[in-house]
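In the order they appear, the protein sequences are chains A and B. Mapping the first sequence onto the working numbering, position 122 (from 1) lands on 122, and the numbers just tick up by one. Mapping the second sequence onto the working numbering, position 15 (from 1) lands on 327, and the numbers just tick up by one. Have a look at the structure below, then the notes.
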Amino acid sequence: MTGYVLRRLLWLAPVLFFVTLITFVLMHLVPGGPWDTKDRPISPQLREQLESKYGLDEPVWQQFLTFSWNALHGDLGVSFQYQDRSVTEIIREGVEVSAVLGLMALAFALMVGVTLGVVAAVKQNSPIDYASVFLSTFAASTPSFVLGILLIVVFAVQLGWLPVFGWEKAWWLFPNWKQAILPTVTLGALPAAYVARITRASVLEVLQQDYVRTARAKGLHERLVLGRHVLKNAVIPILTVSGPIAASLVTGSFIVETVFAIPGLGKQFVASVFQRDYGMIMGTTIFYAAVIAMANLVVDMMYVVVNPRIRY
Amino acid sequence: MVRAATIARPQEAQPLAEQRSLWGDALRRFLRNRLAFISLLVLLSLAVAAVFAGQIAPHDPNAQACTTGALRGSSADHLLGTDATCRDVLSRLIHGARVSLSVGVFTAVAVFLIAVPIGALAALSTRLVDNLLMRLTDLTYAFPDLLMIILLSRVLADTAVPGGSVTIIILAISLVGWVTIARLVRAQMLSQREREYVQAAEAMGASRWRIALTHLLPNSLGPVIVAVTFVVPQAIFAEAALSFIGIGVTPPQATWGGMVEAGYSAVYSVPMLVVYPAVAIAITMMAFTFIGDGLRDALDPRTARRLPGRTG
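Take a look at the structure:
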């Protein structure tokens with residue numbers, strides 16, 4: 001197990017290297033630089049000064065080497081758009097917000113998804129089952145920003161119960177609960193539908209196992225059968241998908257962040273693509289890639305914890 | 313060897329009408345699926361609207377001349393009202409169908425055309441090519457999809473790529489999306505290669521190319537086609553999301569995502585401006601999802617019967 005984890009961690013290095021390389025090449029394929037905005041033309045002298053200050057006048061391969069070397073030392077460079085603030089600092093600020101939002105959405109997805117899935121499976125082919133299947137199909141095929149805007153129109157505009165957007169820290173890293181509800185539900189709806197589907201299928205499969213029949217045959221109360229035998233065994237596929245879901249929630253929240261004007265990492269990424277903020281684009285992409293890779297690793301390790309039959 | 317080939321021929325020459333073919337059966341099963349059938353009708357009418365948008369739309373989608381003033385509700389002249397710059401919403405919706413459908417369909421076609429040859433090549437050629445492809449897919453999985461699409465579409469937009477912003481979006485989504493399908497093609501072909509009928513064909517002396525083209529490829533395509541169908545709603549979503557953020561199709565061209573973005577600033581006064589395009593996106597994506605589900609069940613009837621947990 002330790003060897004396996006070490007090997008996987010080592011494998012991270014080439015992946016991150018190529019991610020860096022590809023992003024770097026892509027960015028430098030684009031003609032022009034961060035100062036080529038139409039609305040604010042700058043003089044050639046100023047451009048030269050800026051480029052030499054940020055090392056953009058060096059050959060591309062040298063820029064890449066410099067960047068990689070610094071990145072290895074935890075320095076992702078400076079942002080061009082935010083008055084020379086360091087990229088790591090900006091990322092840290094954005095991640096705080098995105099991670100809180102993502103984790104709340106994950107909690108929502110797991111609670112709603114597992115509940116819906118279990119109820120649907122236990123009452124298979126009943127109206128509740130059909131309703132839950134329909135609900136999850138609806139959520140699965142409604143894009144997040146469409147859902148978010150529909151929720152805003154109903155709950156913020158028509159009913160006036162919740163604020164349209166905003167994200168101010170109220171307690172530790174968490175925002176005001178009123179501000180948090182709509183983005184959490186919007187971001188969590190799709191994974192909730194996914195979790196519900198998987199839970200339903202998994203529970204139905206476990207319900208057919210011999211040990212469940214045995215448990216019922218020996219007169220165990222249905223609640224105990226469900227809690228002790230069915231759910232425990234049905235949880236493996238749910239755990240499996242929750243890793244990638246967590247990664248996609250933290251990395252994929254930029255649409256929801258745009259809809260609700262939440263200052264998360266995704267929103268910063270979009271802004272930096274607009275501004276051709278090389279430092280920010282590189283830093284964010286590498287960070288995202290690392291998060292995804294770590295999430296996959298954690299999931300693979302959880303397999304072993306949950307299912308002792310698997311060995312690496 | 314020559315004799316073997318002549319033995320094989322009469323079997324293939326049997327008229328298809330008499331025997332029940334795979335595709336005929338699949339078609340019958342598909343049409344029996346009510347949701348899929350309704351979705352097909354919805355999509356056909358959408359396609360008609362998209363193709364004949366110029367004839368059907370009551371107004372020019374970009375004309376800013378209207379008699380009743382901007383941001384008005386529905387009237388006889390403007391059935392769904394007008395937007396902030398006094399353009400007819402219904403006409404923009406109809407023209408927006410053009411963008412969404414063409415992005416969805418052309419992306420799926422492009423993904424299919426890229427993925428099938430590459431996947432087949434990986435399955436049938438040397439270990440080296442296979443390994444290269446698999447490492448490439450690993451790398452692509454390291455990037456968050458939508459972020460990569462954003463980055464690519466920015467790069468493609470700034471370098472001189474022929475075609476407008478719609479072409480650029482199709483390209484960007486296809487370049488990210490083909491990988492999963494190529495992997496699927498490879499896996500399918502590898503598993504088919506071990507089947508008895510392939511061994512039989514080999515024993516009869518069929519050439520490698522003949523086996524690949526007449527046996528492996530057609531028998532591998534079912535799940536691939538299903539997976540490609542699901543590319544359509546994903547592409548529609550990606551385009552709408554990009555246009556919503558403001559990186560997608562260049563205004564003033566009417567797209568559903570762009571309409572949501574434009575209407576969002578007036579969400580308090582005229583929420584319907586946002587609701588119409590949002591609902592259009594959701595319906596279209598749902599229709600394609602149901603068709604994909606229907607296709608999956610039609611092409612592989614075992615999934616519907618064997619696993620009671622699998623939902624449509």
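For glycine and all other residues, C-beta sits at the position ideal for the given N, C-alpha and C.
Alpha carbon of residue i to alpha carbon of residue j, nearest angstrom
| i | j | result |
| --- | --- | --- |
| residue 76 (chain A) | residue 86 (chain A) | 7 Å |
| residue 316 (chain B) | residue 517 (chain B) | Confidence in residue 316 (chain B) is poor, its pLDDT being 45 and thus under 50, which makes the residue's placement unreliable; the coordinate value appears in the next sentence. Approximately 7 Å, taken between the alpha carbons. |
| residue 583 (chain B) | residue 591 (chain B) | 12 Å |
| residue 236 (chain A) | residue 303 (chain A) | 8 Å |
| residue 297 (chain A) | residue 566 (chain B) | 43 Å |
| residue 607 (chain B) | residue 537 (chain B) | 8 Å |
| residue 287 (chain A) | residue 215 (chain A) | 48 Å |
| residue 305 (chain A) | residue 5 (chain A) | 13 Å |
| residue 169 (chain A) | residue 266 (chain A) | 18 Å |
| residue 149 (chain A) | residue 573 (chain B) | 10 Å |
| residue 597 (chain B) | residue 90 (chain A) | 35 Å |
| residue 240 (chain A) | residue 248 (chain A) | 14 Å |
| residue 151 (chain A) | residue 586 (chain B) | 11 Å |
| residue 197 (chain A) | residue 447 (chain B) | 31 Å |
| residue 548 (chain B) | residue 571 (chain B) | 14 Å |
| residue 125 (chain A) | residue 115 (chain A) | 16 Å |
| residue 2 (chain A) | residue 243 (chain A) | 20 Å |
| residue 100 (chain A) | residue 345 (chain B) | 42 Å |
| residue 284 (chain A) | residue 454 (chain B) | 13 Å |
| residue 222 (chain A) | residue 300 (chain A) | 33 Å |
Residue of the options minimising C-alpha distance to residue i
| i | options | result |
| --- | --- | --- |
| residue 546 (chain B) | B:494, B:593 and B:477 | B:593 |
| residue 505 (chain B) | B:371, B:521 and B:449 | B:521 |
| residue 253 (chain A) | A:47, A:155 and A:191 | A:191 |
| residue 413 (chain B) | B:363, B:440, B:446 and B:456 | B:363 |
| residue 543 (chain B) | B:564, B:487 and B:573 | B:487 |
| residue 512 (chain B) | B:335, B:503 and B:523 | B:523 |
| residue 347 (chain B) | B:557, B:603 and B:515 | B:603 |
| residue 411 (chain B) | B:574, B:576, B:585 and B:563 | B:563 |
| residue 289 (chain A) | A:12, A:204, A:6 and A:4 | A:12 |
| residue 508 (chain B) | B:496, B:497 and B:527 | B:527 |
| residue 497 (chain B) | B:366, B:370, B:454 and B:427 | B:427 |
| residue 539 (chain B) | B:501, B:571, B:493 and B:449 | B:493 |
| residue 360 (chain B) | B:549, B:407 and B:336 | B:407 |
| residue 394 (chain B) | B:558, B:370 and B:430 | B:370 |
| residue 575 (chain B) | A:59, A:177, A:122 and A:146 | A:146 |
| residue 436 (chain B) | B:503, B:601 and B:552 | B:503 |
| residue 456 (chain B) | A:48, A:49 and A:23 | A:23 |
| residue 263 (chain A) | A:208, A:179, A:195 and A:189 | A:179 |
| residue 50 (chain A) | A:70, A:81 and A:65 | A:81 |
| residue 595 (chain B) | B:568, B:581, B:577 and B:423 | B:568 |
Proximal chain B residues relative to residue i, where beta-carbon distance stays under 9 Å
| i | result |
| --- | --- |
| residue 288 (chain A) | 454, 455, 456 and 459 |
| residue 157 (chain A) | 579, 580 and 583 |
Cross-chain neighbours of residue i in chain A, by beta carbon under 9 Å
| i | result |
| --- | --- |
| residue 350 (chain B) | Neighbours of residue 350 (chain B) on chain A: none; closest Cβ ~13 Å, over 9 Å. |
Sequence-distant residues of its chain with Cβ nearer than 8 Å to residue i (five each side left out)
| i | result |
| --- | --- |
| residue 246 (chain A) | 102, 103, 106 and 295 |
| residue 343 (chain B) | 349 |
| residue 127 (chain A) | none |
| residue 449 (chain B) | 491, 492, 494 and 495 |
| residue 325 (chain B) | With a pLDDT of only 49 at residue 325 (chain B), under 50, the local geometry of the prediction cannot be trusted, and the value read off the model is given with reservation. Nothing listed; no residue qualifies. |
Nearest-angstrom beta carbon gap, residue j and residue i [assumed within contact, 8 Å]
| i | j | result |
| --- | --- | --- |
| residue 291 (chain A) | residue 579 (chain B) | Rounded, the Cβ-Cβ distance is 32 Å, inconsistent with contact. |
| residue 560 (chain B) | residue 482 (chain B) | About 11 Å separates the two Cβ atoms, so there is no contact after all. |
| residue 268 (chain A) | residue 94 (chain A) | 5 Å |
| residue 403 (chain B) | residue 442 (chain B) | With 8 Å as the limit, residue 403 (chain B) and residue 442 (chain B) do not qualify as a contact, their Cβ atoms being about 51 Å apart. |
| residue 162 (chain A) | residue 182 (chain A) | 6 Å |
Cβ shell of residue i (< 6 Å), same chain only, five flanking positions each side left out
| i | result |
| --- | --- |
| residue 193 (chain A) | 136, 139 and 140 |
| residue 120 (chain A) | 129, 132 and 200 |
| residue 452 (chain B) | 491 |
| residue 165 (chain A) | 260 and 261 |
| residue 272 (chain A) | 280 and 281 |
Contact set between residue i and chain B, taken where Cβ atoms lie within less than 8 Å
| i | result |
| --- | --- |
| residue 143 (chain A) | 549, 552, 553, 593, 594 and 597 |
| residue 140 (chain A) | 601 |
| residue 26 (chain A) | 463, 464 and 467 |
| residue 255 (chain A) | 458, 553, 556 and 557 |
Close beta carbons around residue i, own chain, < 7 Å, minus the five adjacent residues each side
| i | result |
| --- | --- |
| residue 599 (chain B) | 351, 354 and 355 |
| residue 212 (chain A) | 206, 225, 229 and 230 |
| residue 485 (chain B) | 419, 461, 547 and 550 |
Neighbouring residues, chain A, relative to residue i (Cβ below 8 Å)
| i | result |
| --- | --- |
| residue 523 (chain B) | Residues of chain A passing the Cβ test: none, with the nearest at roughly 35 Å. |
Chain-ordered chain A contacts of residue i [CB-CB under 7 Å]
| i | result |
| --- | --- |
| residue 590 (chain B) | 146, 149 and 150 |
| residue 586 (chain B) | 149 and 153 |
Residue i: contacting residues in chain B (beta-carbon distance under 7 Å)
| i | result |
| --- | --- |
| residue 234 (chain A) | Here the premise fails: no neighbours, minimum Cβ distance about 10 Å. |
| residue 101 (chain A) | The premise fails here: residue 101 (chain A) is roughly 15 Å from chain B at the closest Cβ pair, so nothing lies under 7 Å. |
| residue 18 (chain A) | 451 |
| residue 269 (chain A) | 459 |
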